[in-house]
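Novice: Going by the numbering used here, the sequence shown opens with residue 3, and the numbers climb by one from there. All C-beta atoms in this analysis are idealised placements derived from N, C-alpha and C, irrespective of residue type, glycine included. Supplied in structure tokens, the structure appears directly below.
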Amino acid sequence: MKKIILLISSAMFISSCSNAVGLPSKNIDNNNGINNNTPVQEFNFGSGSGYTRYGAGRFGGQGQGMGQGQGMGMGIGQGFSNNDYLKTNLDSIPVTELKDEEKADLAYMIEEEKMARDIYILLYDKWKVRSFDNISKSEQIHIDSIKLLLDRHKLDNTISDQKGVFKNTKIQELYNTLSKEGLESLEKAINVAGKVEEVDIKDLSEKLAKTSSKDIQIVFDALMSASENHLRAFSSNLNMFFKKEYTPSFLSKEDYQKIVSN
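If you want it as structure tokens, here you go:
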């Protein structure tokens, strides 16, 4: 099972870092995100490895950075462009009956992953920073991963086809708040991206602690590792380009420090 988690998590992280080397420069200003004076390159999503609260040891797509100012690092290790490998390995695990709470958690998390994807699409459309575009594609893989679980357990996928529209009122309110904040400046957009990953980590961790389903454990753990990679990257980039320390909003300071220092 550990091998499965390792490869799945690597796939998710590497997918968010592919095709992004040699990106055009961005001119960043602390107030409005754009400045015509000082050229600064795209955000660097370079080194960083995930860790898991469920399995033992480290895993999750070591990313080898191409150096500051050269855009996202290309991941090293084995990666997969879609969920075919994940599906093959989930198919080897017996399907067990889910509790009602586990079914509700799947319905909730697929909407939350959609919220993350939709926010990153919105931030890319506004700021044209390619990092947001790449991470939105990673979030789509997260959505597809949970969809595999829904299909395995013959549960309906009820998420809306419309961007920024959610059936869960809590998720809708969170999207409305974060998307508005992220459009105010590029600095705030990076902070919003960090908050998105915090929410994902917190909720996945809580739901992992409650489930006994092996397939849910594998998928949620891999998703959490990918989100931890993303949070580390956004935290680093906030400091690199705006000389600001990221302050967690949803995670405790202790949990946040465990993630960024790992």
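So the candidates are Asp217, Lys245, Ser227 and Lys204; which of them puts its Cα closest to the Cα of Asp257?
Specialist: Sequence index remark: in the sequence shown, residue 257 carries index 255 (1-based). Nearest of Asp217, Lys245, Ser227 and Lys204 to Asp257, Cα basis: Lys204.
Novice: Would Phe222 and Gly196 be called neighbours here (beta carbons separated by less than 7 Å)?
Specialist: Counting from 1 along the sequence shown, the entry for residue 222 is found at position 220. Counting from 1 along the sequence shown, the entry for residue 196 is found at position 194. Cβ distance not < 7 Å, so Phe222 and Gly196 don't count as in contact.
Novice: Suppose only complete runs of 4+ residues qualify. What are the alpha helix (DSSP H) ranges in the segment 145-190, listed by chain order?
Specialist: Those alpha helix (DSSP H) runs which fall completely within the segment 145-190 and span 4+ residues are 171-184.
Novice: Would Glu113 and Asn170 qualify as a contact pair, given that the criterion is a beta-carbon distance under 7 Å?
Specialist: Here the question's residue 113 lines up with position 111 in the sequence shown. Here the question's residue 170 lines up with position 168 in the sequence shown. A contact, by the Cβ cut-off of 7 Å.
Novice: By how many angstroms is the C-alpha of Lys255 removed from the C-alpha of Arg234?
Specialist: Indexing the sequence shown from 1 puts residue 234 at position 232. Indexing the sequence shown from 1 puts residue 255 at position 253. Distance between the alpha carbons of Arg234 and Lys255: 14 Å.
Novice: Using only CA atoms, which one of Ala191, Val167 and Ser207 lies nearest to Asp107?
Specialist: Numbered from its first residue, the sequence shown carries residue 107 at position 105. It is Ser207.
Novice: Hey, how far is the Cα of Thr249 from the Cα of Asn231?
Specialist: Position 247 of the sequence shown, counting from 1, holds the residue named residue 249. Position 229 of the sequence shown, counting from 1, holds the residue named residue 231. If you take the alpha carbons of Thr249 and Asn231, they lie about 16 Å apart.
Novice: Which residues in the same chain have their Cβ closer than 7 Å to the Cβ of Leu157, if we skip the five residues on either side of it in sequence?
Specialist: The count along the sequence shown starts at 1 and reaches residue 157 at position 155. Excluding residues within five positions, the ones whose Cβ falls inside 7 Å are Lys105 and Leu108.
Novice: With Asn168 and Met242 assumed to form a contact (beta carbons below 8 Å), what rounded beta-carbon distance in angstroms separates them?
Specialist: Start at 1 with the first residue of the sequence shown, and residue 168 comes out as number 166. Start at 1 with the first residue of the sequence shown, and residue 242 comes out as number 240. Looking at the sequence provided, one finds Phe at residue 168 rather than Asn. That belief does not hold up - the Cβ atoms of Phe168 and Met242 are roughly 32 Å apart, past 8 Å.
Novice: Quick check on Lys209: does DSSP put it in helix, strand or coil?
Specialist: On the sequence shown, residue 209 is found 207 positions in, with the first residue counted as 1. Correct three-state label for Lys209: helix.
Novice: Tell me whether Leu253 sits in a helix, a strand or coil according to DSSP, three-state version.
Specialist: Indexing the sequence shown from 1 puts residue 253 at position 251. Leu253 falls in the coil class under three-state DSSP.
Novice: Tell me the rounded alpha-carbon separation between Asp153 and Phe244.
Specialist: Along the sequence shown, one-based indexing puts residue 153 at 151. Along the sequence shown, one-based indexing puts residue 244 at 242. Approximately 43 Å between the Cα atoms of the pair.
Novice: From Tyr122 to Ser140, what does the alpha carbon distance come to, in whole angstroms?
Specialist: The residue labelled residue 122 in the question sits at position 120 within the sequence shown. The residue labelled residue 140 in the question sits at position 138 within the sequence shown. Looking at the two C-alpha atoms, the distance is approximately 10 Å.
Novice: Quick check: what's the CA-CA separation for Glu115 versus Lys172?
Specialist: As a first step, residue 115 must be located in the sequence shown, where it is residue number 113. As a first step, residue 172 must be located in the sequence shown, where it is residue number 170. Using only the alpha carbons, I get a separation of about 13 Å.
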